[in-house]
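Residue numbers (the working numbering), protein chains in the order written: chain E, 1 to 210; chain U, 1001 to 1210.
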DNA sequence: TCTGCGATCTTGACACTGTCAATTTAACTC
DNA sequence: GAGTTAAATTGACAGTGTCAAGATCGCAGA
């Protein structure tokens, strides 16, 4: 009995194409890439391995990613989605009327992501070649930096202006996490963004809620 | 006329060995590695390329570095030497009696190194596999962190203790530089550690010089 | 001086990588 | 249903890390 020829249901949104025998190779490859990085480190990301993991030939990815660097960029973009969403989840748990609690919540989401996905984190911020002109990447990373500017909005602009606050908050958490990840000690549990932030902003200088 | 047989001057410090026809292959390989990273990025570091650059066969490095990761570690160790020395040079230029100036000088050395050697910087802190048990690496990176604890020593221990101050200062500069390097914009010149530090420590809480 | 001998380097091979070209296959349009 | 295009395959190439075997140098002991 020959396989039912899928009958071209054509109920798929016209923009989507279902090529060959694979459902959505591009996202499958990115999925495989994220897994690879998480399990075996950033160096383990390879075109041939994601192809094998997705069950296609070694040259199949070429049609979706022009080069290994492009694949990296796509994986990083995906990571940014999870990164931003993890921060937003923590923010949801916080008291909406307490800007200080919101900042701390976001930083907790930041640290959780970094400590739970150190390899992905390194891939994102470890200096690999990225394509800033890539639309997908830009959109994804903008989500992350959007969280930052949002939580910093209630802060009173300091000597360095609004952007100064953002850089300051981002620097401190980014640098702290980088240090903690770099000493490959395993006691991440002492990491507490609240303590850290209290050191920077003994009392957070909030805007007048007018 | 046969080549003069080098006469075994034996004036070299007895601990040094001059094998085969190459003077000091190990350091030559590290030199080549630093060059490669500086010129073509962290990914360009390869055993065969450093071998070629040093004029030896592709398998020669194996006797000095058990694996590529070991070569990386050695290059990173070398980078730490330069890193620490660049900070110390700036410190020398500062007023010895002004702890605040000393901190700012060190941070200037930090930023100078990072912006002048972004690829090396990424290699050092970008999450590549390192061998912390490597004696050479430990000694070199201790030099860097030694500078940090030294410049932070005059600081009054805060809520998080002495180590808290070190982590705080290190985080802020580390994170800030990481951000600046990550946005591949080329205007690093607005980066000013003095402004940054002033944001963190409006007035540096120094110990009583008793 | 000669003879080992051990460290160092070379040659050759292997599996693996990214990337390209040519080919086959599937899916969609007319 | 035929033809066209996108997608995936096969095959090849240069380059990589790493291992095994052999060659070569420099030095210690006779």
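Virtual Cβ for every residue (Gly too), placed ideally from N, Cα, C. Quick caveat, the model's predicted, so the values are computed rather than measured.
Contact belief for residue i with residue j at Cβ below 8 Å, rounded distance in angstroms
i, j, result
"residue 75 of chain E", "residue 61 of chain E", "Not quite, the Cβ-Cβ distance comes to about 12 Å (not below 8 Å), so this is no contact."
"residue 169 of chain E", "residue 148 of chain E", "7 Å"
"residue 86 of chain E", "residue 113 of chain E", "5 Å"
"residue 110 of chain E", "residue 37 of chain E", "Actually they do not touch by this definition, with Cβ atoms about 19 Å apart."
"residue 29 of chain E", "residue 54 of chain E", "5 Å"
"residue 179 of chain E", "residue 1179 of chain U", "Between residue 1179 of chain U and residue 179 of chain E the Cβ distance is about 15 Å, and since that is not below 8 Å, they are no contact."
"residue 1042 of chain U", "residue 1126 of chain U", "7 Å"
"residue 1106 of chain U", "residue 1091 of chain U", "6 Å"
"residue 174 of chain E", "residue 1023 of chain U", "In fact, because the Cβ distance is near 43 Å, the residues do not count as touching under 8 Å."
Beta-bridge pairing of residue i - partner residues as DSSP gives them
i, result
"residue 161 of chain E", "E/158"
Interface residues of chain E facing residue i [CB-CB closer than 8 Å]
i, result
"residue 1110 of chain U", "Result: empty, since nearest Cβ-Cβ is about 11 Å, beyond 8 Å."
"residue 1181 of chain U", "127"
"residue 1040 of chain U", "Residues of chain E passing the Cβ test: none, with the nearest at roughly 11 Å."
C-alpha gap between residue i and residue j, whole angstroms
i, j, result
"residue 145 of chain E", "residue 138 of chain E", "10 Å"
"residue 1187 of chain U", "residue 1118 of chain U", "Any reading at residue 1187 of chain U is ruled out, since the residue's pLDDT is 49, under 50, leaving its predicted position unreliable."
"residue 63 of chain E", "residue 1104 of chain U", "50 Å"
"residue 1083 of chain U", "residue 96 of chain E", "44 Å"
"residue 136 of chain E", "residue 143 of chain E", "11 Å"
"residue 165 of chain E", "residue 154 of chain E", "10 Å"
"residue 181 of chain E", "residue 115 of chain E", "7 Å"
"residue 1171 of chain U", "residue 1072 of chain U", "24 Å"
"residue 123 of chain E", "residue 80 of chain E", "11 Å"
"residue 1016 of chain U", "residue 1098 of chain U", "Annotation note: pLDDT 34 at residue 1016 of chain U (below 50); position unreliable, no value reported."
"residue 1100 of chain U", "residue 158 of chain E", "21 Å"
"residue 35 of chain E", "residue 1046 of chain U", "26 Å"
"residue 70 of chain E", "residue 134 of chain E", "9 Å"
"residue 1067 of chain U", "residue 1059 of chain U", "11 Å"
"residue 955 of chain U", "residue 1141 of chain U", "Not covered by the structure: residue 955 of chain U. The range shown for chain U is 1001 to 1210."
"residue 1027 of chain U", "residue 1033 of chain U", "10 Å"
"residue 2 of chain E", "residue 25 of chain E", "With a pLDDT of 35 at residue 2 of chain E, under the threshold of 50, the modelled position of that residue is not reliable, and no figure is offered here."
"residue 89 of chain E", "residue 1089 of chain U", "46 Å"
"residue 1039 of chain U", "residue 162 of chain E", "36 Å"
"residue 128 of chain E", "residue 52 of chain E", "23 Å"
"residue 1065 of chain U", "residue 48 of chain E", "27 Å"
"residue 151 of chain E", "residue 102 of chain E", "7 Å"
"residue 31 of chain E", "residue 1207 of chain U", "53 Å"
"residue 1056 of chain U", "residue 108 of chain E", "51 Å"
"residue 132 of chain E", "residue 1132 of chain U", "33 Å"
Residues that residue i contacts on chain U, provided the C-beta gap is smaller than 8 Å
i, result
"residue 63 of chain E", "Near residue 63 of chain E there are no residues of chain U at all, since even the closest Cβ is about 24 Å away, more than 8 Å."
Interface residues of chain E facing residue i [CB-CB closer than 7 Å]
i, result
"residue 1174 of chain U", "175, 178 and 179"
"residue 1167 of chain U", "176 and 179"
Contact set between residue i and chain E, taken where Cβ atoms lie within less than 9 Å
i, result
"residue 1122 of chain U", "126, 127 and 128"
Neighbour list for residue i in chain U, Cβ cutoff strictly below 9 Å
i, result
"residue 85 of chain E", "Within 9 Å Cβ-Cβ: nothing; residue 85 of chain E doesn't reach chain U, min ~21 Å."
Next on the checklist: Output needed in chain order: residues of the stretch 1126-1148 of chain U with a Cβ under 9 Å from some Cβ in chain E.
Outcome noted: 1126, 1127, 1128, 1129, 1130 and 1132
Item to check | Cβ-based contacts, 8 Å cut-off: residues of the stretch 42-74 of chain E near chain U | outcome: 42 and 43
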